[in-house]
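Undergrad: Please see the structure below; I have some questions.
Chains as they are written, first to last, in the working numbering: chain A, 19 to 293; chain B, 16 to 125.
Structure below.
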């Protein structure tokens, strides 16, 4: 037993623990191997004990891991911490932009815009381009297409004339997307239930709305003829009113849905310009 | 620094998703009773409820609750639970239910 403890104590003098830098590099290795759980543990450890460059870089990697795993809210929090901890202004702005990117993905457009407008333009070109790109996404999300076009164009160097032209053409198509108009769809469904849905291109829902409201209208009239208007108004008419109102509200939604679908296609093409 | 301008997180859609919904819980049936009630539920959802505005105060909605209750408790107790739920769907006792901040509805599971 004495011999065992002697050997153990002899080895313990020569043994060293993994220091912060080694832990950080271990995290990077695991990150490169896509072992995200192990990498997260290593980066969290660096974050707990360390500060400065290692801690900021760990926050950046933790945010990337969260984004890979679809945890956008958590990624935004990590980027926010990285931005707060950074001393260099350019680095601070970069992490704020990454945070804004996460917020836009969470559809927190207004919050992202507040942060984006707080970032100065007196920064390296790559950061200013990225800021304008995110401004373009935010304005697109708010349906301010003119401002979105300007921001997207400022996200490209003036020398990239082909891409600038591509953007112009895409926005030209986007601005002319007005069909189906949700207001027209609603008005049509007010005049004839189902007509708005037909106009928006949803035949199945149009027939459904026409038959349902038509059926209740027939029942209301039939009840009024057989049992009197008061009886009809009290028993069947509320059902007709319910599906009539629901029908034209839904016609507007279907038209909005169709418009969004077309805008989404343009948006994806805009992103492709920057790939 | 130095990443792609258009990372995957920004490849989202602006399309509204409330128009078309998938009711997966009504499709994994194990017996005839569940098939019957799932059929009724899907017919109601696609032919009748789809033409209505959102009027239920709870999440899941009363029809979804009914379907889930029948699957969980069987047809008799499931239908009784649904009748109980229909009587409670009036928004008069908000203090008794948790509130879903995203959907702005009260939470009530079978």
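Backbone N, C-alpha and C define an ideal beta-carbon position, used for all residues, glycine too. Predicted model only: the values in this text are computed from it and were never measured.
Within 10 angstroms of its Cβ, does residue 4 of chain A collect 16 or more other Cβ (buried), or is it exposed?
TA: Nothing about residue 4 of chain A can be read from this structure; chain A reaches only from 19 to 293.
Undergrad: Express the C-alpha separation of residue 69 of chain B and residue 105 of chain B in angstroms, rounding to a whole number.
TA: For the purposes of this step, residue 105 of chain B is taken as the residue at position 90 of the second chain. For the purposes of this step, residue 69 of chain B is taken as the residue at position 54 of the second chain. In a straight line, the C-alpha of residue 105 of chain B is about 13 Å away from that of residue 69 of chain B.
Undergrad: Rounded C-beta distance between residue 157 of chain A and residue 165 of chain A? I'm assuming under 8 Å.
TA: Residue numbering aside, residue 157 of chain A sits at position 139 when the first chain is read from its first letter. Residue numbering aside, residue 165 of chain A sits at position 147 when the first chain is read from its first letter. Right, their Cβ atoms sit about 4 Å apart.
Undergrad: Is the Cβ-Cβ distance between residue 63 of chain B and residue 230 of chain A less than 8 Å?
TA: As a working note, residue 63 of chain B is residue 48 in the second chain. As a working note, residue 230 of chain A is residue 212 in the first chain. It is a contact, given that the beta carbons lie within the stated cut-off.
Undergrad: Work out the CA separation of residue 87 of chain A and residue 233 of chain A for me, nearest whole Å.
TA: Residue mapping note: residue 233 of chain A aligns to position 215 of the first chain, counting from 1. Residue mapping note: residue 87 of chain A aligns to position 69 of the first chain, counting from 1. Distance between the alpha carbons of residue 233 of chain A and residue 87 of chain A: 50 Å.
Undergrad: If you measure between the beta carbons of residue 141 of chain A and residue 111 of chain A, is that distance less than 8 Å?
TA: Indexing the first chain from 1 puts residue 141 of chain A at position 123. Indexing the first chain from 1 puts residue 111 of chain A at position 93. The answer is yes: Cβ separation under 8 Å.
Undergrad: Under 6 Å Cβ to Cβ from residue 200 of chain A, same chain only, skipping five residues before and after it: list those, please.
TA: One-based indexing of the first chain puts residue 200 of chain A at position 182. 270, 273, 274, listed in sequence order.
Undergrad: Could you run through the segment 115-126 of chain A and flag, in chain order, every residue whose CB is less than 7 Å away from some CB of chain B?
TA: For the segment 115-126 of chain A, which is checked against every Cβ of chain B, the residues closer than 7 Å are 119, 120, 122, 123.
Undergrad: When DSSP labels each residue in this structure, what does residue 51 of chain A get in the three-state scheme?
TA: Locating residue 51 of chain A in the first chain gives position 33, counting from the first residue. Of the three classes helix, strand and coil, the one that applies to residue 51 of chain A here is coil, per DSSP.
Undergrad: Does any residue of chain A have a CB that is nearer than 8 Å to the CB of residue 24 of chain B?
TA: The residue labelled residue 24 of chain B in the question sits at position 9 within the second chain. Yes, residue 24 of chain B lies at the interface with chain A (some Cβ there is under 8 Å from its Cβ).
Undergrad: Going by C-alpha to C-alpha distance, which of B:27, B:74, B:110 sits closest to residue 119 of chain B?
TA: As a working mapping, residue 119 of chain B is identified with position 104 in the second chain. Residue B:74 is the option with its Cα nearest to residue 119 of chain B.
Undergrad: Taking Cβ to Cβ, would you say residue 149 of chain A is nearer than 8 Å to residue 132 of chain A?
TA: Looking up residue 149 of chain A in the first chain gives position 131. Looking up residue 132 of chain A in the first chain gives position 114. Cβ atoms of residue 149 of chain A and residue 132 of chain A: not closer than 8 Å.
Undergrad: Go ahead and label residue 51 of chain A buried or exposed: buried means 16 or more other beta carbons lie within 10 angstroms of its beta carbon, across all protein chains shown.
TA: Position 33 of the first chain, counted from the first residue, corresponds to residue 51 of chain A. Exposed, because fewer than 16 other Cβ atoms sit within 10 Å of the Cβ of residue 51 of chain A.
Undergrad: Does any CB atom of chain B fall closer than 8 Å to the CB of residue 70 of chain A?
TA: The residue you call residue 70 of chain A lines up with position 52 of the first chain. By this cut-off, residue 70 of chain A is not an interface position.
Undergrad: Below 7 Å between beta carbons is the criterion; list the residues of the segment 252-273 of chain A that meet it against any residue of chain B, in chain order.
TA: Going along the segment 252-273 of chain A in chain order, one finds 260, 261, 263, 264, 265, 267, 268, 271, 272 with a Cβ nearer than 7 Å to chain B.
Undergrad: With DSSP collapsed to three states, give me the class of residue 195 of chain A.
TA: In the first chain, residue 195 of chain A corresponds to position 177, counting from 1. Three-state result, residue 195 of chain A: coil.
Undergrad: What are the residues in the segment 176-194 of chain A lying within 7 Å of chain D by C-beta distance?
TA: Judged by its chain identifiers, the structure shown contains no chain D, and its protein chains are A and B.
Undergrad: Please tell me whether residue 268 of chain A and residue 66 of chain B are closer than 8 Å, where the distance is taken between their beta carbons.
TA: Stepping through the first chain from its first residue, residue 268 of chain A is reached at position 250. Stepping through the second chain from its first residue, residue 66 of chain B is reached at position 51. The answer is yes: Cβ separation under 8 Å.
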